[in-house]
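Asks: Below is one structure. I have some questions about it.
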Amino acid sequence: MFRNFNKKNDFDDIENLKEKYKEEFEKFKNETNIKRTTKLGIVLVIVNLVMIGVDLTSFRSMRAENIGYLYLFYIHILTVVLLLLWYILYNIYKKYKKIINGKLIYEILLTISMGSCILISLNDLKISGQISVYFIGVLIISGVVYMDPLESFILYGLSIVILMIGMYFIVFSKSLLYYNIYNSIVVVIFGFIVSNIIFRGFLRDFINNKSLLKSKMEVEAVNQKLKEYERLRTNFFANISHELRTPLNVIYSAQQMIELMVNKENLNKRKIESYLKITKQNSYRLIRLIGNLIDITKIDALSFEATFVNLNIIKVVEDIAMSVVDFVESKGLTLTFDTEVEEKIISCDPYLIERIMLNLLSNSVKFTQKGGNILVKVHLEDNYVCISVKDNGIGIPDDMQELIFDRFIQVDDVITKNTEGSGIGLSLVKSLVEMHCGKIYLNSQENRGSEFVICIPDILNKDNEEKRNITNLDDNRIERINIEFSDIYD
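For the sequence shown, counting from 1, position 248 maps to 248 in the UniProt record's numbering; every step adds exactly one.
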């Protein structure tokens, strides 16, 4: 099996990716080229100093016969001087990187290098008829410096034009002129191709490194989430263990006290009733906790069943609110029901609506101090029926509001230390609302109160007739209220 490699498309993809990181890539390319050209400059200084020594020793006697050797000596000196000036500029650049463009620094060195090669080649053309130094310069630069196609085209294009103009005035033999022009063009084309291949590889490496870095960051983010989930899971099991153990211990203690009174034949009816009440309330707590866990598990397994019927949602919500008035008032609170419309038939599961409402009302009672108010209000909004449960209790801190619907999250250990709860109630409420294709959101200010708003789509179930009365909805409501409010103590 061979990979179907389309070079053009591959290059197009690289260019598209380059745009994404263009600024960062240009900065990285400039820094890399400056480092590389700095080393190239050091090599050129050493080579030219060596050649100056050769000029002073071996070629000095030849200057009288061929003035080209004298020009060669001057070219080497000029190159060294220009390179030393470049190093001064480079040191200035290191101090003022924000002011001086890094691209300009290495391009100046390339200009000095290529200009030196052209001058030496034109001088050698007069001495020996060769321009090999220019060829060597083109090949070295193409392999050392990373240039995009436009940069390399401009550099090589200008250099060969200047070289050909110089050769035109120096070479009088047309055959030698054409020969050198042909060789120059071949070398420049080859250098251009090599430069582009190296640049593409450099660009690919940069993009691959960015992709690897991005993948690494994504993996780290996932690991962080997994650690957070593990922490939540650990806290959840610790919390659930406490929530299961506490009512069991209370029930067991109450049972022991009753057993002790029976054994001593000291039956105190008031105390027995008190212990039975404690036993019953904590039994409700266990039923509520286990029921919530079972429902959460069913929802996760997509096996939770809901029965949607067409009914008057206003009547359902009002009945639920009124059924808890006595309990709310017994806690020193007031509960008010208000609605914009008297009747609105929609498709919903009345038992799930009751579950949602009792949970929200339970939270309001739990976190509102005596003398506080709870308002249940129904209004219509953009093809939704919205039900709000508003209180003037302790409220929820801003940094916790986005987490409040996450599973096993409680607002604050300090705030909730006098209350009980597993931290899965609001998560379950959100899931039940979403089963109605609805939404839930929170408006809250710390120490000012909270408002939970659930919005259910204003739609009808065409397969069901309207049901104005749900005859068996109220049969066990008192027991369900006792279960939902079981973690609220006197």
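Yeah, the Cβ is synthetic: ideal placement off N, Cα and C, and Gly gets one too.
Taking the beta strand (DSSP E) that Asp-463 falls in, what are its first and last residues?
Replies: Here residue 463 refers to the residue found at position 463 when the sequence shown is read from its first residue. Per DSSP, Asp-463 belongs to no beta strand (DSSP E) and is neither H nor E.
Asks: Can you tell me whether Lys-264 is helix, strand or coil according to DSSP?
Replies: Locating residue 264 in the sequence shown gives position 264, counting from the first residue. Looking at Lys-264 - three-state DSSP - the assignment turns out to be coil, as it is neither helix nor strand.
Asks: Can you list, in chain order, the stretches of the beta strand (DSSP E) that have 3 or more residues and sit fully within the region 56-88?
Replies: As far as the region 56-88 is concerned, it has no whole beta strand (DSSP E) run of at least 3 residues.
Asks: Could you compute how far the alpha carbon of Leu-311 sits from the alpha carbon of Thr-339?
Replies: In the sequence shown, the residue the question calls residue 311 occupies position 311. In the sequence shown, the residue the question calls residue 339 occupies position 339. One C-alpha to the other measures close to 16 Å.
Asks: What are the partner residues of Pro-247, as DSSP defines its beta bridges?
Replies: One-based indexing of the sequence shown puts residue 247 at position 247. Pro-247 is not bridged to any residue.
Asks: Which of the three DSSP states is assigned to Phe-308 in this structure?
Replies: Counting from 1 along the sequence shown, the entry for residue 308 is found at position 308. Here Phe-308 sits in coil by DSSP.
Asks: Just verifying my parser: in three-state terms, what is the DSSP assignment at Phe-192?
Replies: Taking the sequence shown and counting its residues from 1, the one referred to as residue 192 is at position 192. Helix, per DSSP.
Asks: Could you tell me if Lys-98 is buried or exposed, where buried requires 16 or more neighbouring beta carbons within 10 angstroms of its beta carbon?
Replies: Mapped onto the sequence shown, residue 98 falls at position 98. Answer is exposed; the Cβ neighbour count stays below 16.
Asks: Determine whether the beta carbon atoms of Ile-346 and Asp-458 lie at a separation below 7 Å.
Replies: If you number the sequence shown from 1, residue 346 lands on position 346. If you number the sequence shown from 1, residue 458 lands on position 458. In this structure, Asp-458 lies closer than 7 Å to Ile-346 by Cβ.
Asks: Does Arg-233 pass the burial test, meaning 16 or more other C-beta atoms within 10 Å, or should it be called exposed?
Replies: As a first step, residue 233 must be located in the sequence shown, where it is residue number 233. Arg-233 comes out exposed.
Asks: Classify residue 492 as helix, strand or coil using the three-state DSSP reduction.
Replies: The question about residue 492 has no answer here: the residues shown for the chain are numbered 1 through 490.
Asks: At the level of alpha carbons, what is the spacing between Ile-100 and Tyr-90?
Replies: Looking up residue 100 in the sequence shown gives position 100. Looking up residue 90 in the sequence shown gives position 90. Roughly 10 Å separates the two Cα atoms.
Asks: Return the chain-ordered list of same chain residues with a C-beta closer than 8 Å to the C-beta of Met-322, the five sequence neighbours on each side being excluded.
Replies: Indexing the sequence shown from 1 puts residue 322 at position 322. Excluding sequence neighbours, Met-322 sits near Phe-337.
Asks: Give the secondary structure of Ser-128 by DSSP, where H, G and I count as helix, E and B as strand, and everything else as coil.
Replies: Start at 1 with the first residue of the sequence shown, and residue 128 comes out as number 128. In this structure, Ser-128 counts as coil in the three-state DSSP scheme.
Asks: Under a Cβ-count criterion, where at least 16 other Cβ atoms within 10 Å of its own Cβ denotes burial, should Val-341 be classed as buried or exposed?
Replies: For the purposes of this step, residue 341 is taken as residue 341 along the sequence shown, with counting starting at 1. By the neighbour-count rule (16 or more Cβ atoms within 10 Å), Val-341 is not buried but exposed.
Asks: Can the beta-carbon of Ile-131 be found less than 7 Å from the beta-carbon of Ser-121?
Replies: Against the sequence shown, residue 131 aligns to sequence position 131. Against the sequence shown, residue 121 aligns to sequence position 121. Their beta carbons are under 7 Å apart, which means Ile-131 touches Ser-121 by this criterion.
Asks: Given a threshold of 16 other Cβ atoms within 10 Å of its Cβ, counted over all protein chains shown, does Thr-79 qualify as buried or as exposed?
Replies: As a first step, residue 79 is located in the sequence shown; it is residue number 79 there, counting from the start. So Thr-79 counts as buried.
Asks: DSSP three-state label for Ser-303, please.
Replies: Counting from one through the sequence shown, the residue named residue 303 turns up at place 303. Ser-303: coil per DSSP, three-state reduction.
Asks: To the nearest angstrom, how far is the alpha carbon of Glu-343 from that of Tyr-284?
Replies: Residue 343 sits at position 343 when you count from the first residue of the sequence shown. Residue 284 sits at position 284 when you count from the first residue of the sequence shown. Glu-343 and Tyr-284: Cα-Cα distance of roughly 34 Å.
Asks: Considering only DSSP beta bridges, list what Pro-457 is partnered with.
Replies: What you label residue 457 is simply residue 457 of the sequence shown in a count that begins at 1. Tyr-384, per the DSSP bridge assignment.
Asks: According to the Cβ coordinates, are Gly-372 and Asn-359 closer than 7 Å?
Replies: Taking the sequence shown and counting its residues from 1, one reaches residue 372 at position 372. Taking the sequence shown and counting its residues from 1, one reaches residue 359 at position 359. Contact: no.
Asks: So does the region 107-118 actually touch the region 32-40, counting three or more Cβ pairs closer than 8 Å?
Replies: Touching, yes, given that three or more Cβ pairs across the two stretches are closer than 8 Å.
Asks: Which residues bound the alpha helix (DSSP H) around Lys-430?
Replies: If you number the sequence shown from 1, residue 430 lands on position 430. Segment 425-435, the alpha helix (DSSP H) holding Lys-430.
Asks: Who are Val-376's beta bridge partners in DSSP?
Replies: Along the sequence shown, one-based indexing puts residue 376 at 376. Its beta-bridge partners are Phe-337, Val-389.
Asks: For Gln-224, count neighbouring C-beta atoms within 10 Å of its own C-beta (all shown protein chains included) and say buried if the count is 16 or more, exposed if not.
Replies: For the purposes of this step, residue 224 is identified with residue 224 of the sequence shown, where counting begins at 1. Counting Cβ neighbours within 10 Å, Gln-224 comes out exposed, since fewer than 16 surround it.
Asks: Are Lys-29 and Tyr-146 close, meaning C-beta to C-beta below 7 Å?
Replies: As a position in the sequence shown, residue 29 is number 29, starting the count at 1. As a position in the sequence shown, residue 146 is number 146, starting the count at 1. Yes, the pair counts as a contact, with Cβ atoms nearer than the cut-off.
Asks: Might you give, ordered along the chain, the residues of its own chain that have their beta carbon closer than 7 Å to the beta carbon of Asn-123, omitting 5 neighbours on each side?
Replies: By 1-based counting over the sequence shown, the position of residue 123 is 123. Hits under 7 Å: Gly-68, Tyr-71, Leu-72, Ile-75.
Asks: Output the distance between the C-alpha atoms of Met-217 and Ile-141, rounded to the nearest integer angstrom.
Replies: By one-based count along the sequence shown, residue 217 stands at place 217. By one-based count along the sequence shown, residue 141 stands at place 141. C-alpha separation (whole angstroms): 36 Å.
Asks: In three-state DSSP terms, what is Asp-413?
Replies: Here residue 413 is taken as the residue at index 413 of the sequence shown, counted from 1. With a pLDDT of only 46 at Asp-413, under the threshold of 50, the placement of this residue in the model should not be trusted; the figure read from the coordinates follows. In this structure, Asp-413 counts as coil in the three-state DSSP scheme.
Asks: Would you kindly work out how many angstroms separate the C-alpha atoms of Ile-272 and Thr-246, rounded to a whole number?
Replies: Here residue 272 corresponds to residue number 272 of the sequence shown, with the count starting at 1. Here residue 246 corresponds to residue number 246 of the sequence shown, with the count starting at 1. Using only the alpha carbons, I get a separation of about 20 Å.
Asks: Using DSSP bridges, identify the partner residues of Ser-444.
Replies: Translated into the one-based positions of the sequence shown, residue 444 becomes position 444. DSSP, once it has assigned bridges, lists Ser-450 as partnering Ser-444.
Asks: How far does the beta strand (DSSP E) with Ser-347 in it extend, from its first residue to its last?
Replies: Counting from 1 along the sequence shown, the entry for residue 347 is found at position 347. Its beta strand (DSSP E) spans residues 345-348.
Asks: In chain order, what residues of the same chain lie with their CB nearer than 8 Å to the CB of Met-261, ignoring the 5 residues before and after it?
Replies: Translated into positions along the sequence shown, residue 261 becomes position 261. Excluding residues within five positions, the ones whose Cβ falls inside 8 Å are Leu-267, Asn-268, Lys-271, Ile-272.
Asks: Relative to the alpha-carbon of Asp-399, which residue among Asn-443, Val-389, Ile-127 has its alpha-carbon at the smallest distance?
Replies: Numbered from 1 along the sequence shown, position 399 holds the residue referred to as residue 399. When only C-alpha atoms are compared, the closest one is Asn-443.
Asks: Following a CB-centred definition, is Ile-105 positioned closer than 6 Å to any heavy atom of the ligand ATP?
Replies: Summarising the ligand content, the structure contains no ligands, and the ligand ATP is consequently not present.
Asks: Expressed to the nearest angstrom, what Euclidean distance is found between the alpha-carbon atoms of Phe-405 and Val-453?
Replies: Looking up residue 405 in the sequence shown gives position 405. Looking up residue 453 in the sequence shown gives position 453. Their backbone Cα atoms lie some 13 Å apart in a straight line.
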